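Residue numbers (the numbering used here): 4 to 217.
Shown next, in the form of structure tokens:
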């Protein structure tokens with residue numbers, strides 16, 4: 004497990020909170036509430052989207068996979084790339100080796116920019132592969148978002164157009180959920196209403212940031 008490190012209290016810096024959970028468990032909803040409460044949210048999906056829009060990245064991916072990587076508008080098509088890399092481990096490693104250093108550099112820049120900013124009450128790292136790429140080591144505390152499988156599958160179907168089989172295929176490529184839950188420091192449950200989830204987050208966040216000045 005991680006834990007709210009002693010260094011958080013000693014330096015009075017904003018705690019770094021990682022989010023973990025299953026696909027479509029509601030991590031972005033948790034991140035949005037933490038942002039509303041005063042946290043800086045570093046969202047890996049948003050950073051990836053920004054990187055994939057850059058000309059040099061588009062050209063690199065087109066050099067690897069030709070037009071199979073792009074849509075009719077010439078932009079990188081994340082759905083097409085997802086199919087390429089999930090069906091070929093070597094291609095997934097190549098993509099991750101190219102993108103992850105770029106994303107990490109952006110993440111470090113964002114964290115450095117808010118260092119010492121009293122208006123930033125915490126820094127939140129919202130990354131689908133928090134444990135898989137070792138980002139939990141950069142966190143003082145990790146929150147696991149628990150959500151029933153049926154709800155996660157239904158949500159992924161509604162928002163991403165995935166079948167249950169596709170959902171299972173994607174989830175199996177990640178660290179097992181029970182291992183993520185066991186490694187986390189806190190759990191919030193997203194099985195009822197949005198208000199119920201927000202209430203849990205508000206209570207937990209108040210506890211975490213109070214340690215900064217306590």
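Even glycine gets a Cβ: it sits at the ideal position worked out from N, Cα and C. Predicted model, so just to flag it, every value in this text is computed and none were measured.
In the structure shown, residue 166 adopts coil according to DSSP, grouped into three states.
Here residue 47 is buried, its C-beta having at least 16 other C-beta atoms within 10 Å. Between the stretch 80-96 and the stretch 126-141 there are fewer than three C-beta pairs closer than 8 Å, too few to call the two in contact. When the beta-carbon positions are compared, residue 55 and residue 79 come within less than 7 Å of each other. Beta-bridge analysis with DSSP links residue 20 to 127 and 144. Taking every protein chain shown into account, the CB of residue 110 has 16 or more other CB atoms within 10 angstroms, so this residue is buried. Nearest to residue 64 by alpha-carbon distance, out of 158, 42, 88 and 147, is 88. Here the C-alpha atom of residue 194 lies approximately 35 Å from the C-alpha atom of residue 100.
Under the rule that a run must span 4 or more residues, the alpha helix (DSSP H) segments found entirely inside the stretch 52-105 read 58-68 and 81-89. Here the C-alpha atom of residue 205 lies approximately 44 Å from the C-alpha atom of residue 75.
Looking at the backbone, the Cα of residue 174 and that of residue 160 are separated by about 14 Å.
Around the beta carbon of residue 29, a 10 Å sphere encloses 16 or more other beta carbons of the protein chains shown; the residue is thus reported as buried. Sequence-distant partners of residue 123 (beyond 5 residues in either direction) whose C-beta falls short of 6 Å from its own C-beta, in its chain, are 17, 43 and 117. Only exposed fits residue 198, as fewer than 16 other CB atoms lie within 10 angstroms of its CB. C-alpha of residue 106 to C-alpha of residue 50: approximately 6 Å in a straight line.
Note on geometry: alpha-carbon atoms of residue 152 and residue 164 lie some 16 Å from one another.
Rounded to whole angstroms, the Cβ separation of residue 158 and residue 25 is 10 Å, and the two are not in contact under 8 Å.
A direct Cα-to-Cα measurement between residue 166 and residue 19 gives close to 34 Å.
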